[in-house]
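Asker: Take this structure first; my questions come after.
Protein chains in written order, with my numbering: chain A, 102 to 406; chain B, 102 to 406; chain C, 17 to 292; chain D, 17 to 292.
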């Protein structure tokens, strides 16, 4: 009798090994969203390892997808949004790659992706969706199909299940078995974990099972393939209640990403060879500063200025 | 501009008024399950008020449905199970009513009901299900339809949305706005609350919004129509962490329900005129004893002997 | 309190006034004006409104300030509960969301919006961020409030969107009724030039800021402008509304939606243009 | 430890042995023998098994005793996590549950089970409790272990179920392959008389308790009995297995599944019949 990976006793491993569970061409679900708790340490490691042709799926994202596009790691973008909101506006690498036809645009809708993940989670070969039929998003997805409701005669869009090859998630705590604690907002993290074929998790801190259980298990161990302790693993996005987002660093990315040369320099400065180097480059003081957000609303505003 | 019931500031009311939100003939979703956290105070009040022709839907239940059947309040049973497990076996009133054709049997499956509730929750006119096609349960449901998957050509069963007219739920805490705290196992309580047209809640104790929020909101206020403070509102089923199930009382029901006469006597003894009377009949000492379950596993076993 | 106020403040108040008391309302991420409007409505005329934050899905939070990003913990402050992603979208899909706010890089006369791309689909001239959940939500939400701060640019209100992300009242695929959409579609549109309703499913100018006239609106609008019989001047914010805008958004995140010329547009509480 | 043991204990051990290490396994409610078996497997040969409790959906709990009802808090003891109802059923529906236990008031040669009703559908002679989630789960779960403690009654193993609640390998509607069911169906059946496999999708007797012979099984079976070439005597529980059964279920909840005659059947650790 064999013990499957997901029921193994100890899922702990290093970041390179964990990122190694993502193959070129994989459909990759990236956890978190916008400026919040994106698995940036894994994103950086994928860039270090030179991953190619990834098909990213998910809801509203920002620097994670933009950096992967900047590193030419992405072939297909099936997100509902990629950008920096009113904060910094359009995602520069994404915009440029889209304009050059360097990435395939399969823009989707948060709810369509949710329903496709649910179809995978429920083991259904399709699930009906109502809204898409009025949107040009429909025309970016030849894989959808029209279907008629057997009860109402209504025209609906049938969407196929979406079971990502791998989900990348950054949590707060995990035990060695792979039980993971994450706090709300979870965005699609839970659905990604339940629908994906492999689940790779980084956490701010490894902890005892007792501690993770007391904090609350968000993703149970039997879904998880690998856990990595990666402090500041979401930087420059936020990982509350530990640190807020690093707006200054995001601004630096936006500036760098204005051209290929800037992107190359950014990656040269920050990425190689590993996360220790990355944290050194950001600087202990800068990282510590991000943890002071909770002193007062004024302090928080100051950090975001 | 009108303030809808569900966004009103104060949802508190008495048990009679709350039960009054259930009409004859309604599709009723009963929370909890088996011997755990069933909304028995509401069940008793529906019996007191002489409700008729209810169509009950849900997963595995016990004394709640059996008592409602004993009171001739139910017309259609669409549950996945009604009984007392190995503990006391078949549900006596249910078995008798079924044999006499006094209730319509629309036995269902936990998962089918879940998917139908989800269809209602997702606003879908149907949702496909895989398993039913191999079961005679299919033949109890002329409202289901067969459908072909547009992607795989697979035959599936399309089930319609199930939006109960009213959900009856017993929780631990609620504030006056209707935020409700319940602990796992939740059975279908969450799905009932989200899918039903009306949500009526009893709780062990009304509390401040701060306390409910700190404990965790399971059902947000905007779904809830009425909250009632009903201590021991789940008795004789359990309401952990407060009290375990009253096996002795359940045994008394099982004995009474062997015939119509016994049922009449049981209702006469325990029901009228209100819950104060019910609690008096059970007795303060007997109720207090049920709260001693956590002294030791041995004590717990003793209470269940 | 400074009784002189600016366009960004007035627009937020106008948006707030489209919300009815007791409505369940959601703004998308990256939508500061809508976000400010919702918090203002909740703290003024719509205390029974159910306010769902745009990316945290926090229920009725009372944030001390608005951060420049929508998925920030500061937006959970005071919330008794945080909905799941799923719960928000399901609420919308089943028709239990009463109102949502939508904007667009392009908006056509039927209230269709484009937040996806300008130019051809394979190599867009400008790849916009994308529609988030709007593509489905717009079909089923009770009513839509549309807004733009770029009407004056002349490039936003167009005859035809290069790409329809979120459906308004009618697209080449058909009307809402024909497509079986239960949601009511665009009910109001507030821009930097004026306010519109959609009496026949097509935008109609009904009100103007005091420093704008119909011709200016016509000049900035890429489709044939329909105008109500009596175009009125907008009612200026009350003191309470204005105070609340400033209290909700002390750092002026709303201003990031406006160009500098529009930010300079200032008014008095009597609804007169204020001199700088 | 008393080395003399009884049929209920042996059956629980036999059921436990159908579980492989690393499997994700679920028992339904009201199934004490399956419940005991899962906890025994987890504490003996299958430490990597993922044990999901039958009505609490607790993950890997280590209860101090088994209560007479399945949805009891005592069954959360030591669980690092409690799954949602939905999560368990979705796990099953997408094929990630490796094994489930099913019983029935009637069981046919294909492993179809009836837990719904005996007699006609409109006025059943005996309305049984119902199938819980089995009707769907049985279609998609990797493997089913079937058990009954009432084989000896002669009324349980029947040629045809009055009502098929949970599908085995084949029903009048077709085979699993024909119906497109991804689950493997019944893999093993353990009864109070012996053990069966399903080599061609039909039950075949492979092993017997030492106090039962093939003729006794034939006499109690309502369909034509298929028998393996070599019918063996079951391997008795090890001391560790037996100790674990008693530790898991100190109050003997498992015994409620048996009639008094069967409860009197006793054996020694050498697999011999013990004299009372």
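Where a beta carbon is used, it is the ideal one built from N, C-alpha and C, also for glycine.
Keep in mind the model is a prediction, meaning the values are calculated, not measured.
Establish whether the CB of residue 223 (chain B) and some CB of chain C are separated by less than 8 Å.
Answerer: Judged by the 8 Å Cβ criterion, residue 223 (chain B) is in contact with chain C.
Asker: Starting from residue 92 (chain A), follow the alpha helix (DSSP H) in both directions and report where the run begins and ends.
Answerer: Nothing in the structure corresponds to residue 92 (chain A), since chain A is present only between 102 and 406.
Asker: Please report the residue range of the beta strand (DSSP E) in which residue 66 (chain C) lies.
Answerer: Unbroken beta strand (DSSP E) run through residue 66 (chain C): 66-68.
Asker: Can a CB atom of chain A be found closer than 8 Å to the CB of residue 202 (chain D)?
Answerer: It does not: the Cβ of residue 202 (chain D) has no partner Cβ on chain A nearer than 8 Å.
Asker: What does DSSP give as the partner residues of residue 191 (chain D) in its beta bridges?
Answerer: Residue 191 (chain D) pairs with D:186.
Asker: Beta-carbon within less than 7 Å of residue 400 (chain B)'s beta-carbon, same chain only, minus the 5 sequence neighbours each way: which residues are those?
Answerer: Only 393, 394 meet the Cβ criterion.
Asker: So, are the CB atoms of residue 167 (chain D) and residue 217 (chain D) less than 8 Å apart?
Answerer: No, the Cβ-Cβ distance between residue 167 (chain D) and residue 217 (chain D) is not below 8 Å.
Asker: Could you tell me which uninterrupted beta strand (DSSP E) segments, each at least 3 residues in length, are contained entirely in the region 104-137 of chain B, listed from first to last along the chain?
Answerer: Those beta strand (DSSP E) runs which fall completely within the region 104-137 of chain B and span 3+ residues are 128-131.
Asker: Can you say whether residue 249 (chain D) is buried or exposed, counting buried as having 16 or more other CB atoms within 10 angstroms of its CB?
Answerer: Exposed: under 16 other Cβ atoms inside 10 Å.
Asker: In chain order, which continuous runs of the beta strand (DSSP E) of length 3 or greater are located wholly inside the region 247-280 of chain B?
Answerer: 256-260, 267-275, all fully within the region 247-280 of chain B.
Asker: Around the C-beta of residue 114 (chain C), are 16 or more other C-beta atoms found within 10 angstroms, so that it is buried, or is it exposed?
Answerer: The residue in question, residue 114 (chain C), is buried, as its Cβ has 16 or more Cβ neighbours within 10 Å.
Asker: Starting from residue 162 (chain C), trace the beta strand (DSSP E) in both directions and tell me its first and last residue.
Answerer: Taken as a continuous stretch (DSSP letters only), the beta strand (DSSP E) holding residue 162 (chain C) covers 159-164.
Asker: Listed from N- to C-terminal order along the chain, which residues in the region 130-163 of chain C have their beta-carbon within a distance smaller than 7 Å of any beta-carbon of chain B?
Answerer: Under the 7 Å Cβ criterion, the region 130-163 of chain C contributes 156.
Asker: Drop a sphere of 10 angstroms on the beta-carbon of residue 170 (chain D), count the other beta-carbons inside from all chains shown, and report buried for 16 or more, exposed for fewer.
Answerer: It counts as exposed.
Asker: Just checking: is the beta-carbon of residue 237 (chain A) within a distance shorter than 8 Å of some beta-carbon in chain C?
Answerer: Taking Cβ atoms only, chain C reaches closer than 8 Å to residue 237 (chain A), which makes this a yes.
Asker: Determine the chain B residues that contact residue 109 (chain C) at a beta-carbon separation under 7 Å, and present them in chain order.
Answerer: Simply 223, 224.
Asker: If you draw a straight line from the C-alpha of residue 184 (chain B) to the C-alpha of residue 80 (chain D), how long is it?
Answerer: Cα to Cα, residue 184 (chain B) sits roughly 25 Å from residue 80 (chain D).
Asker: Mind reading off the beta-carbon distance from residue 282 (chain B) to residue 318 (chain B)? Whole number of angstroms is fine, and I expect it under 8 Å.
Answerer: Going by Cβ atoms, the distance from residue 282 (chain B) to residue 318 (chain B) rounds to 6 Å, so yes, they are a contact pair.
Asker: Flag residue 233 (chain B) as yes if its beta-carbon sits less than 8 Å from any beta-carbon of chain A, otherwise no.
Answerer: So no, residue 233 (chain B) is outside the interface.
Asker: Among A:147, A:167, A:196, which one has its Cα closest to the Cα of residue 375 (chain A)?
Answerer: The shortest Cα separation from residue 375 (chain A) among A:147, A:167, A:196 belongs to A:147.
Asker: Between the C-alpha atoms of residue 379 (chain A) and residue 211 (chain C), what's the straight-line distance to the nearest angstrom?
Answerer: In a straight line, the C-alpha of residue 379 (chain A) is about 50 Å away from that of residue 211 (chain C).
Asker: Name the residue from A:287, A:158, A:389, A:127 whose alpha carbon lies nearest to the alpha carbon of residue 218 (chain A).
Answerer: Comparing Cα positions, the closest option is A:158.
Asker: Does any residue of chain D have a CB that is nearer than 8 Å to the CB of residue 321 (chain A)?
Answerer: So, interface residue.
Asker: When you compare each of A:174, A:109, A:142, A:121 to residue 152 (chain A) by their alpha carbons, which one comes out closest?
Answerer: The shortest Cα separation from residue 152 (chain A) among A:174, A:109, A:142, A:121 belongs to A:174.
Asker: Specify the secondary structure class of residue 200 (chain A) as computed by DSSP and reduced to three states.
Answerer: Helix at residue 200 (chain A).
Asker: State the Cα-Cα distance for the pair residue 96 (chain C) and residue 39 (chain C), rounded to the nearest angstrom.
Answerer: Whole-angstrom Cα-Cα distance: 18 Å.
Asker: Tell me where the beta strand (DSSP E) around residue 350 (chain B) begins and ends.
Answerer: Here residue 350 (chain B) belongs to no beta strand (DSSP E); instead the alpha helix (DSSP H) covers 348-357.
Asker: Given this structure, state the Cα-to-Cα distance separating residue 147 (chain D) from residue 195 (chain B), to the nearest angstrom.
Answerer: So the alpha carbons of these two residues sit roughly 15 Å apart.
Asker: With a cut-off of 8 Å, does the C-beta of residue 210 (chain B) fall near any C-beta of chain D?
Answerer: Yes, residue 210 (chain B) lies at the interface with chain D (some Cβ there is under 8 Å from its Cβ).
Asker: Can you find the residues in the same chain that come closer than 6 Å, C-beta to C-beta, to residue 286 (chain C), ignoring five residues on each side of it along the sequence?
Answerer: Taken in chain order, the list of residues that qualify is empty.
Asker: For residue 89 (chain D), would you say it is in contact with chain B, using Cβ-to-Cβ distances shorter than 8 Å as the test?
Answerer: Yes, residue 89 (chain D) lies at the interface with chain B (some Cβ there is under 8 Å from its Cβ).
Asker: Run the CB neighbour count on residue 51 (chain C), radius 10 Å, all protein chains shown included, and call it buried at 16 or more, exposed below.
Answerer: Buried, since its Cβ has 16 or more Cβ neighbours within 10 Å.
Asker: Taking 8 Å as the CB-CB cut-off, is residue 167 (chain C) touching chain B?
Answerer: For residue 167 (chain C), the answer is no, since every Cβ of chain B falls outside 8 Å of its Cβ.
Asker: Tell me which residues share the same chain as residue 265 (chain C) and place their Cβ nearer than 6 Å to its Cβ, disregarding the 5 neighbours each side in the sequence.
Answerer: So the list reads 52, 82, once near-sequence residues are dropped.
Asker: Tell me which residues share the same chain as residue 209 (chain D) and place their Cβ nearer than 8 Å to its Cβ, disregarding the 5 neighbours each side in the sequence.
Answerer: Once the five neighbours on either side are set aside, the close Cβ partners of residue 209 (chain D) are 167, 168, 224, 225, 228, 232, 233, 236.
Asker: Does any C-beta atom of chain A lie closer than 8 Å to the C-beta of residue 114 (chain B)?
Answerer: Not one chain A Cβ lies under 8 Å of residue 114 (chain B).
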